[in-house]
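This report concerns only the one structure given below.
2 protein chains.
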Amino acid sequence: MSEPRWLDASQQRDWRAYVDGSVRLTELMDRDLKTKHGLSVSEYEILVRLSEAPDHRLRMAELAANASQSRSRLSHTCSRLESKGLVKRDNCGTDKRGVYAQLTEEGYAALERAARDHVEVVREHLIDVIDPADLEAIGRAFGAVLKRLGAS
Amino acid sequence: MSEPRWLDASQQRDWRAYVDGSVRLTELMDRDLKTKHGLSVSEYEILVRLSEAPDHRLRMAELAANASQSRSRLSHTCSRLESKGLVKRDNCGTDKRGVYAQLTEEGYAALERAARDHVEVVREHLIDVIDPADLEAIGRAFGAVLKRLGAS
DNA sequence: CGGGAATAGTTGAACCATCAACTAGATTGT
DNA sequence: ACAATCTAGTTGATGGTTCAACTATTCCCG
Numbered sequence: 001m002s003e004p005r006w007l008d009a010s011q012q013r014d015w016r017a018y019v020d021g022s023v024r025l026t027e028l029m030d031r032d033l034k035t036k037h038g039l040s041v042s043e044y045e046i047l048v049r050l051s052e053a054p055d056h057r058l059r060m061a062e063l064a065a066n067a068s069q070s071r072s073r074l075s076h077t078c079s080r081l082e083s084k085g086l087v088k089r090d091n092c093g094t095d096k097r098g099v100y101a102q103l104t105e106e107g108y109a110a111l112e113r114a115a116r117d118h119v120e121v122v123r124e125h126l127i128d129v130i131d132p133a134d135l136e137a138i139g140r141a142f143g144a145v146l147k148r149l150g151a152s
Numbered sequence: 001m002s003e004p005r006w007l008d009a010s011q012q013r014d015w016r017a018y019v020d021g022s023v024r025l026t027e028l029m030d031r032d033l034k035t036k037h038g039l040s041v042s043e044y045e046i047l048v049r050l051s052e053a054p055d056h057r058l059r060m061a062e063l064a065a066n067a068s069q070s071r072s073r074l075s076h077t078c079s080r081l082e083s084k085g086l087v088k089r090d091n092c093g094t095d096k097r098g099v100y101a102q103l104t105e106e107g108y109a110a111l112e113r114a115a116r117d118h119v120e121v122v123r124e125h126l127i128d129v130i131d132p133a134d135l136e137a138i139g140r141a142f143g144a145v146l147k148r149l150g151a152s
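Top line first, the protein sequences correspond to chains V and S.
No gaps in the numbering here: position 59 of the first sequence is 59 in UniProt numbering, and each next residue is one more.
No gaps in the numbering here: position 57 of the second sequence is 57 in UniProt numbering, and each next residue is one more.
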């Protein structure tokens, strides 16, 4: 039960800016995707990961890890996406427990449309308003965070 | 309907690291606060803002803006906090529509306990694992994001 | 003053995430 | 081979968030 090592004033300020800014930014992206394309951020993320996978398909567990979602959440989200016709499930031949999530043509098209708008929002509210060197710093920093988290 | 200005490879990598890292980090903080102190991040944020206000109280609207929450969400969250005895509502004399959210003694004590653990998590998973200059960059960058968002 | 517009805050319903419990198939050890 | 255990994925209940609708009060202005 040692004394906590409090943040100093400048750390406090920077941390607070990050918390507030990222909350507001996520909110904005969420509303934007939802109103213009009927997708939540987590649905969007799923589509992105699938689109980057070979044959546009991934095993559920891999997809969950990839998109930083719990398996349960992925299952629900995937059902929603399936009922919208953007994804379909196939079962895996080699492992009868296994399920592939497969991006449909329609899903790919929806993603392409959404991505165009999305990248514009990301530029307009983050990338174009900060110093390029600061974006690199952000990448470095959160890369380190991921490495730290992965190790635990 | 112009061509979207896609991100280049390095922007893409940095942006992705940020998205993944911040999702995972928030998740971690959430679970930590919830298991150790029975508080969600948004409840915690409310307590923090109140603790920083004069007399430990704020008008609902101001508190909502401060904590980047919708009024509706604040209303619900506040009710929960109230039923836990951490906050109480007082109505405002000068504006009969107005309501003050007031941090209770118990609420302040709970916050103090939670903050000790919380700062440790933030250090261990972000501040202590990144370059101090990168933290400053993060602060600068998200400060700019907030400024951009505030202007819209 | 008085009536319309704006503001403060709450409420309930629908929606999404989380957690624990569950089914079914694979793996391991003896 | 077979029981114990582990992994893949789903499901349903619970609780938090969002959205639209609502009440009550204040502000604005002719």
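The beta-carbon is built from N, C-alpha and C at its ideal position, and this holds for glycine as well.
Remember, predicted model here, so these are calculated numbers, not experimental data.
Start-end ranges of the alpha helix (DSSP H) lying completely within the UniProt domain "HTH marR-type" (1 to 147) of chain S, minimum 4 residues: Complete alpha helix (DSSP H) runs here, min 4: 9 to 37, 41 to 52, 60 to 66, 71 to 83 and 105 to 125.
At least 3 beta-carbon pairs within less than 8 Å: the stretch 112 to 129 of chain S vs the stretch 88 to 106 of chain V: By the Cβ criterion, the stretch 112 to 129 of chain S is not in contact with the stretch 88 to 106 of chain V, since fewer than three pairs of Cβ atoms, one from each stretch, lie closer than 8 Å.
Contacting residues, own chain, Cβ-Cβ under 8 Å from aspartate 117 (chain V) (five flanking each side not counted): Position 117 of the first sequence, counting from 1, holds the residue named residue 117 (chain V). Asp32, Leu33, Lys36 and His37, listed in sequence order.
8 Å Cβ cutoff met for aspartate 30 (chain V) and valine 41 (chain V): Your numbering for residue 30 (chain V) matches position 30 in the first sequence. Your numbering for residue 41 (chain V) matches position 41 in the first sequence. Yes, Cβ-Cβ distance for aspartate 30 (chain V) and valine 41 (chain V) is below 8 Å.
Partner residues on chain V for histidine 125 (chain S), Cβ-Cβ distance less than 7 Å: As a first step, residue 125 (chain S) is located in the second sequence; it is residue number 125 there, counting from the start. Per Cβ cutoff of 7 Å: Val145, Arg148 and Leu149.
Residue 181 (chain V) and leucine 63 (chain V) closer than 8 Å at C-beta: Since the first residue of chain V shown is 1 and the last is 152, residue 181 (chain V) is not available in this structure.
Proximal chain S residues relative to aspartate 20 (chain V), where beta-carbon distance stays under 8 Å: Along the first sequence, one-based indexing puts residue 20 (chain V) at 20. Those are Ser68, Phe142 and Leu146, listed as they occur along chain S.
Aspartate 90 (chain S) vs alanine 141 (chain V) beta-carbon contact at 8 Å: The count along the second sequence starts at 1 and reaches residue 90 (chain S) at position 90. The count along the first sequence starts at 1 and reaches residue 141 (chain V) at position 141. No; because the gap between Cβ atoms is not below 8 Å, this pair is not in contact.
Proximity winner among S:Tyr44, S:Arg148 and S:Val87, relative to isoleucine 130 (chain V) (alpha-carbon distances): As a position in the first sequence, residue 130 (chain V) is number 130, starting the count at 1. Measuring from the Cα of isoleucine 130 (chain V), the nearest candidate turns out to be S:Arg148.
Glutamate 52 (chain S), buried or exposed, once every other Cβ within 10 Å from all chains shown has been counted against 16: On the second sequence, position 52 is the one that residue 52 (chain S) refers to. Looking at its Cβ environment, which holds fewer than 16 other Cβ atoms inside 10 Å, glutamate 52 (chain S) is exposed.
8 Å Cβ cutoff, alanine 17 (chain V) in contact with chain S: Against the first sequence, residue 17 (chain V) aligns to sequence position 17. Taking Cβ atoms only, chain S reaches closer than 8 Å to alanine 17 (chain V), which makes this a yes.
C-beta neighbour in chain V for isoleucine 130 (chain S), strict 8 Å: The residue labelled residue 130 (chain S) in the question sits at position 130 within the second sequence. At least one beta carbon of chain V lies nearer than 8 Å to the beta carbon of isoleucine 130 (chain S).
Alpha-carbon spacing of glycine 21 (chain S) relative to methionine 60 (chain S), whole angstroms: As a position in the second sequence, residue 21 (chain S) is number 21, starting the count at 1. As a position in the second sequence, residue 60 (chain S) is number 60, starting the count at 1. In this structure, the alpha-carbon of glycine 21 (chain S) lies about 32 Å from that of methionine 60 (chain S).
Inter-residue spacing [alpha-carbon to alpha-carbon] between glutamate 106 (chain S) and threonine 26 (chain V): The residue labelled residue 106 (chain S) in the question sits at position 106 within the second sequence. The residue labelled residue 26 (chain V) in the question sits at position 26 within the first sequence. One C-alpha to the other measures close to 32 Å.
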